[in-house]
Amino acid sequence: MRIVHLFPAILAAFVAGMPGPARALDVDLELVLAVDVSGSIEKDEAELQREGFVQAFRNEAVIRAVTSGEHKRIAVTYIEWAGVSHQRMGIDWRLIDSAEAAHGFADELSGLPFASALWTSISGAIDFGMDRLGASPYRSKRRVIDISG
17 MRIVHLFPAI LAAFVAGMPG PARALDVDLE LVLAVDVSGS IEKDEAELQR EGFVQAFRNE
77 AVIRAVTSGE HKRIAVTYIE WAGVSHQRMG IDWRLIDSAE AAHGFADELS GLPFASALWT
137 SISGAIDFGM DRLGASPYRS KRRVIDISG
């Protein structure tokens, strides 16, 4: 009978000693780069857009800005969009906290294959971008969906 009375106390001590849910890592910015790959964008235009992002993440002034905020890091993801049912995650969330991380993101981005699709739905891009922000493993006061195309 005494064991039955001790069980709640043992259970409470066990639960109290368990780690809580993982806390999201704070970043200065969560950035969704959403790029139009619809039929209205020619391949050379899409490549020019992508190359602009690649060069930005290799630029020392950009890297200094990224690493000079309160948390000294940002999180970024890259998506491509066209019609309502065509949104593709090109690169999942990456933490950019150094020149090496920024260059790695740029390298990964430059290696993505180009894939075009029909139609154009900016609202679909926004919805997908919001979903990506909701799935972010990071936390910030600033969340941006940068739509280009």
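In the numbering used here, the protein residues as written are 17 to 165.
By construction, the Cβ of each residue, glycine as well, lies at the ideal position given by its N, Cα and C atoms.
Annotated as proximal: Asp42 and His87, with beta-carbon spacing under 8 Å. Per DSSP, Ala98 lies in no alpha helix (DSSP H) and is assigned neither H nor E. Ala117 is positioned such that its CB atom lies closer than 8 Å to that of Leu111. The way I'd put it, the stretch 58 to 69 does touch the stretch 124 to 138; three or more beta-carbon pairs between them come closer than 8 Å. Ser156 carries a coil assignment under DSSP once its states are collapsed to helix, strand and coil.
In this structure, the alpha-carbon of Glu61 lies about 32 Å from that of Pro153. Membership of Asp44 in any alpha helix (DSSP H) is not indicated, and neither H nor E is assigned to it by DSSP. Per DSSP, the unbroken alpha helix (DSSP H) holding Asp143 starts and ends at Ile138 to Gly150.
When rounded, the separation of the alpha-carbon atoms in Ser164 and Gly99 is 14 Å.
Nearest Cα to Trp135 within the set Leu47, Ile95 and Gly55: Gly55.
Residue state for Gly55 is assigned as coil, using DSSP reduced to three classes.
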